[in-house]
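Chemist: Quick mapping for you: the protein sequence lines, in order, are chains A and B. Residue numbers are given in my numbering: position 397 of the first sequence equals residue 397, and the series is strictly consecutive. Residue numbers are given in my numbering: position 625 of the second sequence equals residue 10625, and the series is strictly consecutive. Each residue gets a CB set at the ideal place from its N, CA and C atoms; glycine is no exception. Only a predicted model underlies this, so the values are computations on that prediction, with no experimental measurement involved.
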Amino acid sequence: MKQDTVLQVQDQINRRTFLKQAGGMGLTALFTMLGSNAFGSEAPGLHRVGGMPGFPNFPPKAKRVIYLFQSGAPSQMDLFDPKPKLAARRGEDLPDSVRNGQRLTGMTSGQKSFPVAPSAFKFAQHGQSGIWLSEILPYTAEIVDDLCFIYSMHTDAINHDPAVTFLQTGSQLAGRPSIGSWLAYGLGTENQDLPSFVVLTSVGTGRKDDQPLYDRLWGSGFLPTQHQGVKLRSAGDPVLFLSDPEGVDRTTRRDMLDDLASLNKIKLASVGDPEISTRISQYELAFRMQTSVPELTDISKEPSSILEMYGPEVHKPGTYAYNCLLARRLSERGVRFVQLFHMGWDQHFDLPRAIKGQTYDTDQPTAALVKDLKQRGLLDETLLVWGGEFGRTVYSQGELSMDNYGRDHHPRCFTVWMTGAGIKRGVAYGKTDDYCYNIVENPVSVHDLHATMLNILGIDHTKLTYRYQGRDFRLTDVYGDLVTGIMA
Amino acid sequence: MPQPPQLKKPAKKTIEFNRDVRPAISKCFTCHGHDPKAIMAGLKLDTRAGATAKLKDGKRAIVPYHPEQSEMIARIFAKNPDDLMPPPDSNKSLSADEKQILKTWIAEGAEYKEHWAFVKPVRPTPPEVKQKSWPRNTIDRFILAKLEDEGLRPAPEASKETLLRRVTLDLTGLPPTLDEQREFLADKSPGAYEKVVDRLLASPRYGERMAADWMDCARYADSNGYQADYERYQWRWRDWVIDAFNKDMPYDEFTIEQIAGDLLPHPTLDQKIATAFNRNHRINTEGGVIPEEWRVETVIDRVETTSETWLGLTAGCARCHDHKYDPISQKEFYSLYAYFNNVPESGTGVEQPVNHPPLIKAPYPDQSARMAYLNSRINYLNAEMDGRLKGHDAEIAAWTPKMAAPPASLSTGVAERYTLSDPPKVEGSGPTPKVVDKVTFDSGRSTGAVATSDKGYVDLGAVGDFDTHHPFSYCAWVEPDMGSGSPIAKMDPGHDYRGWDLMLQDYRPAAHFIDTWPSNALKVVSKAMLPQGKWSHVVVTYDGSATPAGVHIYVDGKKTEADVEQSSLRGSIRTPVTAKIGRRTGESIFSGKVDDLRLFDRVVTPDEAAALANVHPAAPILATPPEKRSTAQKAQLARYWAMDNDPTYRDLNGQVEQTAADRSALDSRISTLMVMEEMPKPRDCHVLIRGQYDHPGDKVTAGLPAALPPLPKGAPNNRLGLAEWIVDPSNPLTPRVLVNRLWEHLFGTGIVETSEDFGTRSDFPSHPELLDWLATEALRQKWSLKAMIKEMVMSATYRQSSDITAEDLKKDPKNRLLERGPRFRLPAEMIRDQALAASGMLTEQIGGPSVRPYQPAGVWDDVSVYGNLHHYKHDIGPNLHRRSLYTIWKRTAAPPIMTLFDVPARETCRVRRARTNTPLQALALLDDVTYVEAARALANRMMQEGGPTAKSRIDFAFRALLSRSPSQKESNLLLASLAKRIKHYDASPAAAAKLLSEGDWPNDPRLSQGELAAYTVIASTILNLDETITKE
């Protein structure tokens, strides 16, 4: 069979197979990677590759997401949600009427009393919006008018693993795709030389031995594995196996790839399998990534004014500050979903000291990222989310003293903030009670958060589905209401 | 009666309910299906009675033969969105084709048929075919008949080379060796191919290949999953699986033993080992979990895994509500759940690398034999020794051993010295020690011992308040029950672990001196191990220098070598928490005994350390007045006497100790295994409302879904009965699911594409009659997998060339009709194993503990500092090149070169793998040391074994990997590149040397470095060919 005929037929097949949900078969992959803008016209303003036909469902407000995940669960009442009345109740037992049957983790279920621990930190109002913030967030205070605070997030899980998994995949149990994978599957990629879903992790100074992370948090679950997040590593190759082996220079590698392409084309001509031309193009993409990724992670050309904004830690690869700068560079390059994980927020003991380590890590770089995106006009096309997997208890875990206390896991309320495209700015949404224990106004579930995020990306969360085991799965399971109160 | 209106000719020749109607009508089942709670407008469309019943408004959804009177047709064709079904906001819609099918189906009488997979397969008569010469066996008649129907022709047979590589990879997961190729090509007999098939099925490599896929179903891993993800040890089960496949254990036996081997009468060790299948689930040991919540998850995981693996049913959907599509109610789900609910397990576990109960010791047969021998040898020696004690009572009574007086200096610089009898006492400035909760006392090793555990400890009060620049020492006799915990500590984990302690780390004594863990702390770990259940004397000395060099650990009077794990202490180690025997404040619980604890306000000298340990073992007994000595103490004293006075006794004792050491070494190599066990009284079982562990609803008992056949007669209504039911000939699903999966392994796609789902939403089989024929054949062949596989690979269908014609691509791009042979990318394991085999590095050893091949730095550590699985170091020597199914699997950070090539993460059961084609795969094959080393090793072979010319050497590499010679064109292309590369590397010896040092495999030193480097690049090119990683 002549090669040109093969390629023609193959082209038709691509288009046809694409319309079926061919779940990870090579032909779809070929299209994802090579279909260059075939459906781009459906997505006004985006020049994308891959994705599902009909997505986005309506014009998106945001093209991209940066999710600044604070792993371990930051204490809402020491950072965002001030409870001044608690000062007078220091050491009092949490009233049963407030606790109201909330289950306890095994870490405090044996505790004989639940003494109320007011925050050790002072709060003040900031900006035009007059939003309250803790004294340990001075940089966040500078951008407060750009942010939308949701004080009324709640979750079902009380342990880290299921709770983080829930936030990242919409289910507490393993096996579902992560948010970024859903987006890669539904919306494809804007950058052909970089993955569309990138993950960056950092260790917190607040608690170095804090809760670990798991591959599944950026896994593709039952979606084809090409949609899983690619973790950029801080040591060694930023992407696994990116560097050529020692002793193989670029010329040798180029020659080798040319040989490979020639040999694979000979094969294609004789056997006619379209999967072979996909393979050829994947090797070329790999070659381009060998340039595009180092170029991405090389921050030496950033002006010093920018580096200073992100703070002193920005020079150390693997820090949250460095990752924030990389998040901007990734977004600039059109990477659809940038997922940061900053560990270290799990302050069961010694909270007042440890949380300062965490805010040292995150406050300045986070604010810098928002300002930096804003000054480049990127904030209007990027959705930012900042938050952890649950809240922390108002009562002290362990001994309560004037300057020291710890807090256990608390699922009933926690604070998340968002900003960027599609989000109201300078807004405080939802309310908790005087103990920061229960929500009294506008509860937002994890599914609601997901539904809202997808909506801002132009996706009806009930339409983004994947058939697996006979069921059409969604990120939001069978739940999720839009949080219209925060949407611009 | 009005005639049905004239219809346009339907898209399909005839309407087949299960193939054509069900996929369309099941879209309505969300609101009109099995789940009574979800029924809208009182309409059920899942049964004919429901669909044709008169509704409240007097209409009928379906009037057979009368689409024009059927409300359903009116609604699915409605123009008004308010009338349209399915409703526009449901995100479900019917295609024009589907609407037409429903219309035609009603016009033809609206016959419902039971879902095909729930009906017992009936052995069909193989169809007649026109091209009578083509079929080689029955399979081919089914395939060919359909091709002839569709106007397609089968492809010609693949070349001998291609066929040999295909079948060898399929049956063993490895490529054919050069000898095997020569032999097959030379064998012109008509039975040559069958000979190969029989040889491959008999190869031990077959079991390994089959086990790799079964491990996905069983969610096998070497760690617990969840946050700390500690190691576990289930490989003994993996080896059982390999052995079972190699023995061709019939699938019914294979099934019963894995699901319920423990419930068989007088189960053998192997039958118990098999049940580890359902203990391969994850275990959540996170601090603070509610055990019942996770026990429920475990039981649900077993139901889902078992039903998906054997029945192709996604029962999990019925966890929260009645299944929308399949006839499994929520109550029925929990009735299945009840079969798996009676395992004596807690739902959580300890944060340690151990297996969790219920468990068994799972020796290999040779280990069992050796253990029996060592036990009998010890018994024999003990009897000999006991004999030698007789008749010496008087001597023993009069005996006082010689004991050296302790040096006077030991009484200086003592801060505290404790006598740990009941109640414990202190000499020194400290307060009287306080027993907290429950501890026990005995005579100990020196002056009296206290035994601490999670039940209790001894609080010493405000003693040992030393700071960083103050020299001090502490010492005690220690007898550990477990290799962890702190026998002595003054440490506050709530404040960054400030303080000091003696801790056991896998039985090795370690000392901490901490301001802030881990950044501002010293940690020194002795290389010596304390024996479990035996006394050792431990001294820790610290000179106040804040450096690790200032810390020494003595064991039994001798200074030990130590590893420094933290070396930077700048601040203060003072803490207000009290010192304790048996734990830190609130954690690091020590289970074992402590005797003669002393704190010194100075550094203890080596001589003193030796003197402290020099206590005659008989001392505690001799300190007891003779009349108060127990029988056991008297017997023990006699043994001490003999040890001091009878050289023969001493010699025998040495032999006993040596044998016991051999025994414990052997014992430590015999892994435990987590297995199934049934509680004598089953747990109460309830429907869990919304699937939540803490919302029990109606009580249920074990039972099967009503839509499936009942338990076979005489089968007990427990796990064993369930297993017997799964493989009972009346079960319509099991044989279909099995043969479909075997088919999928060989042909790339199952006859039912959704091999994980045979429910009503599954794909309709491409060849339903063939599937049923194979299912009945599996029973006829008495569940022999080898027989079934042989049948498949002997078929003409399997032997077709996989070349794709333009017509094929148009008519059948996915090759569902099999008008050509299978061509698809190899699974991850085969890609690596093939590279190892072709390069001559593969270690062919079956089974044993999981191994550590190359893995990029940081894969484990970047995401976690928890658990014992970090600081990955690859193995040295043969284990570096074992087959990939033996690679250690950490669930939360699985081996990248496996997961990049679509091996599932093994968090849950996964019966079908994706097959992707990504740039990250290209990077792995080009750059990972695994493959660069393989290229280098292959380059060595090319030059050593590939003949004298460049051409013959390239030919050698092609044959090793592709079982064929290169074409002239391919050969010329690589020859030109080779010449270029040789020139390059000859001119850059440094680059050559670097490339040649990738990986541990040695190079042949006689070969030219430049040339070898050049061949390495050529070998890498060939390793990266599409054809290399593809089965053709």
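Distance, Cα to Cα, B/I9964 vs B/R10232?
Modeler: The structure shown has nothing for residue 9964 of chain B, since chain B only spans 10001 to 11032.
Chemist: Excluding the 5 residues preceding and the 5 following B/K10464 in the sequence, name in chain order all residues of the same chain whose CB lies nearer than 6 angstroms to its CB.
Modeler: Stepping through the second sequence from its first residue, residue 10464 of chain B is reached at position 464. First, the residue type needs correcting, since residue 10464 of chain B is Gly and not Lys in the sequence shown. Answer for B/G10464: K10490, A10579, L10599, listed in chain order.
Chemist: In chain order, what residues of the segment 248-272 of chain A put their CB closer than 9 angstroms to some CB of chain B?
Modeler: V248, D249, T251, T252, R253, D255, M256, L257, D258, D259, L260, S262, L263, N264, I266, K267, L268, S270, V271, G272
Chemist: Determine the contact status of A/I66 and A/V444, defining contact as a CB-CB distance below 9 angstroms.
Modeler: Counting from 1 along the first sequence, the entry for residue 66 of chain A is found at position 66. Counting from 1 along the first sequence, the entry for residue 444 of chain A is found at position 444. In this structure, A/V444 does not lie closer than 9 angstroms to A/I66 by Cβ.
Chemist: What would DSSP say about B/V10343, mapped onto helix, strand or coil?
Modeler: Working through the second sequence from its first residue, we reach residue 10343 of chain B at position 343. DSSP places B/V10343 in coil when its eight states are reduced to three.
Chemist: Cα separation between B/Y10206 and B/W10240?
Modeler: Working through the second sequence from its first residue, we reach residue 10206 of chain B at position 206. Working through the second sequence from its first residue, we reach residue 10240 of chain B at position 240. Separation of B/Y10206 and B/W10240 (C-alpha to C-alpha, rounded to the nearest whole angstrom) is 14 angstroms.
Chemist: Using 8 angstroms as the cut-off, can you tell me whether the segment 10530-10545 of chain B makes contact with the segment 10605-10621 of chain B, which would need three or more C-beta pairs spanning the two stretches below that distance?
Modeler: yes
Chemist: By the 10 Å Cβ neighbour count, where 16 or more other Cβ atoms means buried, how is B/G10042 classified, buried or exposed?
Modeler: Mapped onto the second sequence, residue 10042 of chain B falls at position 42. With fewer than 16 Cβ atoms within 10 Å of its Cβ, B/G10042 is classed as exposed.
Chemist: Looking only at C-alpha atoms, which of A/R336, A/L173, A/G272, A/V446 sits nearest to A/S181?
Modeler: Here residue 181 of chain A is taken as the residue at index 181 of the first sequence, counted from 1. That would be A/R336, whose Cα lies nearest to the Cα of A/S181.
Chemist: Could you tell me whether the Cβ of A/G50 comes closer than 9 angstroms to any Cβ of chain B?
Modeler: For the purposes of this step, residue 50 of chain A is taken as residue 50 along the first sequence, with counting starting at 1. Not an interface residue.
Chemist: Using alpha carbons as the reference points, say which of B/V10289, B/R10279, B/S10329 lies closest to B/T10305.
Modeler: Indexing the second sequence from 1 puts residue 10305 of chain B at position 305. For B/T10305, the closest alpha carbon among the candidates B/V10289, B/R10279, B/S10329 is that of B/R10279.
Chemist: Who are the neighbours of A/M487 on chain B, taking C-beta pairs under 9 angstroms?
Modeler: What you label residue 487 of chain A is simply residue 487 of the first sequence in a count that begins at 1. In chain order: nothing, as chain B lies at least about 20 angstroms away.
Chemist: Just tell me which of A/R288, A/Q282, A/L325, A/E284 has its CA closest to the CA of A/K301.
Modeler: Within the first sequence, residue 301 of chain A is the residue found at index 301, counting from 1. Taking only the C-alpha atoms, the option nearest A/K301 is A/L325.
Chemist: Shortest alpha-carbon distance to B/H10115 belongs to which of B/Y10325, B/Q10633, B/V10687, B/T10255?
Modeler: Indexing the second sequence from 1 puts residue 10115 of chain B at position 115. That would be B/Y10325, whose Cα lies nearest to the Cα of B/H10115.
Chemist: B/D10862 touches chain A at which residues, Cβ-Cβ below 7 angstroms?
Modeler: Here the question's residue 10862 of chain B lines up with position 862 in the second sequence. The contacting residues are T201, R233.
Chemist: Counting only C-beta atoms, is B/A10857 closer than 9 angstroms to chain A at any point?
Modeler: Position 857 of the second sequence, counting from 1, holds the residue named residue 10857 of chain B. At a cut-off of 9 angstroms between C-beta atoms, B/A10857 counts as an interface residue with respect to chain A.
Chemist: How do the segment 131-139 of chain A and the segment 362-378 of chain A stand: do at least 3 beta-carbon pairs fall below 8 angstroms, yes or no?
Modeler: yes
Chemist: Could you check the C-alpha separation between B/G10448 and B/W10310 for me, to the nearest Å?
Modeler: If you number the second sequence from 1, residue 10448 of chain B lands on position 448. If you number the second sequence from 1, residue 10310 of chain B lands on position 310. Spanning the two alpha carbons is a distance of roughly 59 angstroms.
Chemist: Among B/E10756, B/V10727, B/P10732, whose alpha-carbon lies nearest the alpha-carbon of B/R10741?
Modeler: Numbered from 1 along the second sequence, position 741 holds the residue referred to as residue 10741 of chain B. The option with the nearest alpha carbon to B/R10741 is B/E10756.
Chemist: With distances taken between CB atoms, is the gap from B/E10587 to B/A10510 smaller than 9 angstroms?
Modeler: By one-based count along the second sequence, residue 10587 of chain B stands at place 587. By one-based count along the second sequence, residue 10510 of chain B stands at place 510. The answer is no: Cβ separation not under 9 angstroms.
Chemist: Suppose contacts are defined by Cβ-Cβ distances below 9 angstroms. Is A/I276 in contact with A/L260 by that definition?
Modeler: As a position in the first sequence, residue 276 of chain A is number 276, starting the count at 1. As a position in the first sequence, residue 260 of chain A is number 260, starting the count at 1. No, the Cβ-Cβ distance between A/I276 and A/L260 is not below 9 angstroms.
Chemist: Would you verify that the beta carbon of B/Q10921 is, or is not, closer than 9 angstroms to some beta carbon of chain A?
Modeler: On the second sequence, position 921 is the one that residue 10921 of chain B refers to. Cβ-Cβ to chain A under 9 angstroms: yes for B/Q10921.
Chemist: At a CB-CB cut-off below 9 angstroms, which residues of chain A make contact with B/P10822?
Modeler: As a working mapping, residue 10822 of chain B is identified with position 822 in the second sequence. Near B/P10822 there are no residues of chain A at all, since even the closest Cβ is about 11 angstroms away, more than 9 angstroms.
Chemist: Can you pull the chain A residues whose beta carbon is under 8 angstroms from the beta carbon of B/V10888, in chain order?
Modeler: What you label residue 10888 of chain B is simply residue 888 of the second sequence in a count that begins at 1. Looking at the sequence provided, one finds Ile at residue 10888 of chain B rather than Val. Correct list: empty, because the minimum Cβ distance to chain A is about 15 angstroms.
Chemist: Going along the chain, which residues of its own chain have a beta-carbon closer than 6 angstroms to the beta-carbon of B/L10720, five neighbours each way excluded?
Modeler: Locating residue 10720 of chain B in the second sequence gives position 720, counting from the first residue. Within the same chain, Cβ atoms closer than 6 angstroms to the Cβ of B/L10720 are found at A10260, L10263, the five residues on either side in sequence being excluded.
Chemist: Going by Cα to Cα distance, which pick from B/S10329, B/T10168, B/P10156, B/G10691 is closest to B/R10199?
Modeler: Indexing the second sequence from 1 puts residue 10199 of chain B at position 199. Residue nearest to B/R10199 within the set B/S10329, B/T10168, B/P10156, B/G10691 is B/T10168 (criterion: CA-CA distance).
Chemist: What does the Cβ neighbour count give for A/N264, buried or exposed, with the cut at 16 atoms within 10 Å?
Modeler: Locating residue 264 of chain A in the first sequence gives position 264, where the first residue counts as 1. Result: buried.
Chemist: So who's on the other strand from A/F341, going by DSSP bridges?
Modeler: As a first step, residue 341 of chain A must be located in the first sequence, where it is residue number 341. According to DSSP, A/F341 bridges with A/F69, A/T201.
Chemist: Within the same chain, show all residues whose beta-carbon is closer than 7 angstroms to that of A/D93, passing over the 5 residues directly before and after it, in chain order.
Modeler: What you label residue 93 of chain A is simply residue 93 of the first sequence in a count that begins at 1. Counting only Cβ-Cβ distances below 7 angstroms, and skipping sequence neighbours, we find S113, F114, P115.
Chemist: Anyone know if the C-beta pair for B/R10906 and B/A10894 falls short of 9 angstroms?
Modeler: What you label residue 10906 of chain B is simply residue 906 of the second sequence in a count that begins at 1. What you label residue 10894 of chain B is simply residue 894 of the second sequence in a count that begins at 1. Yes, they are a contact pair.
Chemist: Give every residue of the same chain whose Cβ lies closer than 7 angstroms to the Cβ of B/L10185, excluding the five residues on either side of it in the sequence, and list them in chain order.
Modeler: Residue 10185 of chain B sits at position 185 when you count from the first residue of the second sequence. These residues qualify, in order along the chain: K10160.
Chemist: With a CB to CB cut of under 6 angstroms and the five nearest residues on each side skipped, what residues in its chain are close to B/M10072?
Modeler: In the second sequence, the residue the question calls residue 10072 of chain B occupies position 72. A10061, I10062, listed in sequence order.
Chemist: Starting from the C-beta of B/D10808, find all residues in its chain whose C-beta is less than 7 angstroms away, skip the five residues before and the five after it, and write them out in chain order.
Modeler: Working through the second sequence from its first residue, we reach residue 10808 of chain B at position 808. For B/D10808, where only same-chain residues beyond five positions count, the Cβ hits under 7 angstroms are E10819, R10820.
Chemist: What does the alpha-carbon distance come out to for the pair B/N10917 and B/H10356?
Modeler: Working through the second sequence from its first residue, we reach residue 10917 of chain B at position 917. Working through the second sequence from its first residue, we reach residue 10356 of chain B at position 356. So the two alpha carbons sit approximately 39 angstroms from each other.
Chemist: Give every residue of the same chain whose Cβ lies closer than 6 angstroms to the Cβ of B/P10088, excluding the five residues on either side of it in the sequence, and list them in chain order.
Modeler: Here residue 10088 of chain B is taken as the residue at index 88 of the second sequence, counted from 1. Contacts found: P10081.
Chemist: Can you say whether A/Q128 is buried or exposed, counting buried as having 16 or more other CB atoms within 10 angstroms of its CB?
Modeler: Your numbering for residue 128 of chain A matches position 128 in the first sequence. Per the 10 Å Cβ criterion, exposed.
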